[in-house]
Amino acid sequence: MKGSLVAIVSPMMANGDIDFNSFKKLLSFHEDANTNGIVLAGTTGESATLTKYERGEVFSFAKAESKLPLIAGVGSSSTNDAIELIEIAQKNGIDNCMAVTPYYNKPSQKGLFLHFQELSKTSANIILYNVPGRTGVDLYPSTTKQLSEISNITGIKEAVDTSERFEELKKIKSERNDFLLYSGDDPTFIEFMRYNGDGVISVAANVIPKQIRELSDLCFQGCFDEAEQLNKNYLDFFKLLFTEASPSPCKYLLEKMSLLENNLRLPLHPLSEEYREKIYETFKNI
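Here the sequence shown stands for residues 239 to 524, where the numbers follow the numbering used here.
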């Protein structure tokens with residue numbers, strides 16, 4: 239699975255229940271936009287507030303309703319819980335599973351290796367997810383290299399946005415060509431793609447999926463300079479998508495697009511009033 243993948247939001251009703259009618263509209267929206275794949279119940283999908291049962295409902299519904307390739311978010315700070323989530327995903331017909339590094343308990347590199355090694359003992363395809371800004375721990379390239387030697391650990395979503403990190407991942411891919419490299423950072427994903435990247439798992443693609451797909455296609459065509467120039471039009475917008483904790487800005491815009499109601503679960507909340515006009519005006523001018 240390569241290209242523009244969306245880290246899709248989880249629509250919710252005012253009472254906090256998952257809004258499957260709106261979810262169906264979102265899935266159709268991404269099919270129409272030719273999004274390359276969908277990541278379910280990840281950070282942008284408010285996974286931290288979803289029960290395992292609810293994640294299973296999301297997996298089941300998306301598998302039944304969408305023709306697009308799917309990746310199940312199975313991250314947890316508990317190895318046993320992550321394994322259980324993988325089993326839930328597979329029972330619902332999804333074999334590609336993305337697991338964020340365990341958060342809050344701040345494991346060592348050895349602990350991270352052992353965690354993902356246990357996950358790999360399932361029959362699922364495991365995609366690592368490294369986002370130190372949220373988890374408090376960085377999965378070092380040396381550990382990623384060790385993990386890449388396990389056949390069903392199939393790739394990584396990397397949110398560290400330095401050229402040094404990109405170069406280290408490129409070296410890993412040179413030794414295992416089918417190890418997939420996904421950017422986890424919209425503003426720098428064009429640069430990431432120059433290092434033999436395979437795509438982006440995008441927050442912005444929730445609201446501008448065609449534009450992110452266009453950038454991805456240009457990169458695969460080798461037109462990096464053209465993609466960089468086009469990407470400049472979106473950089474301010476990318477920043478505004480994190481004015482407050484994601485997915486609050488995205489859900490505000492998706493409500494404006496009549497795709498869902500602007501509801502989140504605490505401790506997240508709808509985008510504050512003072513940020514709304516600027517992000518909406520910027521969005522309309524894209």
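Ideal Cβ positions, reconstructed from N, Cα and C, are used throughout, including at glycine.
The model shown is predicted, which means the values in this text are computed figures rather than measured ones.
{"Query": "Where do the ends of the alpha helix (DSSP H) carrying C335 lie?", "Result": "Careful: C335 lies outside any alpha helix (DSSP H), inside the beta strand (DSSP E) at N334 to V338."}
{"Query": "Just the C-alpha distance for N363 and G331, rounded to the nearest angstrom, thanks.", "Result": "12 Å"}
{"Query": "Give the DSSP bridge partners of E396, in chain order.", "Result": "N368 and S421"}
{"Query": "Closer than 7 Å by C-beta to E482: which residues in its own chain qualify, once you throw out the five before and the five after it? Chain order, please.", "Result": "L509, S510 and Y513"}
{"Query": "Please state if the CB of I439 and the CB of G422 are separated by a distance shorter than 7 Å.", "Result": "yes"}
{"Query": "On the CB-based measure, 16 or more other CB atoms within 10 Å of its CB, does P379 come out buried or exposed?", "Result": "buried"}
{"Query": "Taking the C-alpha atoms as reference points, what is the distance between K301 and F351?", "Result": "30 Å"}
{"Query": "Determine the closest residue to A279 out of V441, G349, L407 and F417, with distance taken between C-alpha atoms.", "Result": "V441"}
{"Query": "Using the rule of at least 16 other Cβ atoms within 10 Å of the residue's Cβ for burial, across every protein chain shown, is N181 buried or exposed?", "Result": "In the structure as shown, the chain starts at 239 and stops at 524, and residue 181 therefore has no counterpart that could be examined."}
{"Query": "Starting from the N-terminal side, write out each stretch of the alpha helix (DSSP H) that is 4 residues or longer and does not extend beyond the region 251 to 329.", "Result": "258 to 270, 290 to 303 and 317 to 329"}
{"Query": "Which term fits S361, buried or exposed, when burial requires 16 or more other beta carbons within 10 angstroms of its beta carbon?", "Result": "exposed"}
{"Query": "Please report the distance separating the alpha-carbon of H268 from that of E493.", "Result": "16 Å"}
{"Query": "Is it true that the CB of N500 sits closer than 7 Å to the CB of Y490?", "Result": "yes"}
{"Query": "Please say whether Y367 and K408 have beta carbons closer to each other than 7 Å?", "Result": "no"}
{"Query": "Is the beta carbon of A337 closer than 7 Å to that of A310?", "Result": "no"}
{"Query": "How many whole angstroms separate the CB atoms of F448 and A271, which I take to be in contact at a CB cut-off of 8 Å?", "Result": "For the sequence presented, residue 448 should be read as Lys rather than Phe. The pair is a contact, with the Cβ atoms about 5 Å apart (cut-off 8 Å)."}
{"Query": "Measure the beta-carbon distance from S346 to L288 and round it to whole angstroms, keeping in mind my assumption that it falls under 8 Å.", "Result": "That belief does not hold up - the Cβ atoms of S346 and L288 are roughly 28 Å apart, past 8 Å."}
{"Query": "Out of L243, L456, D436 and S298, state which residue places its alpha-carbon closest to the alpha-carbon of I276.", "Result": "L243"}
{"Query": "Among E322, E292 and T282, which has the Cα closest to the Cα of D257?", "Result": "E292"}
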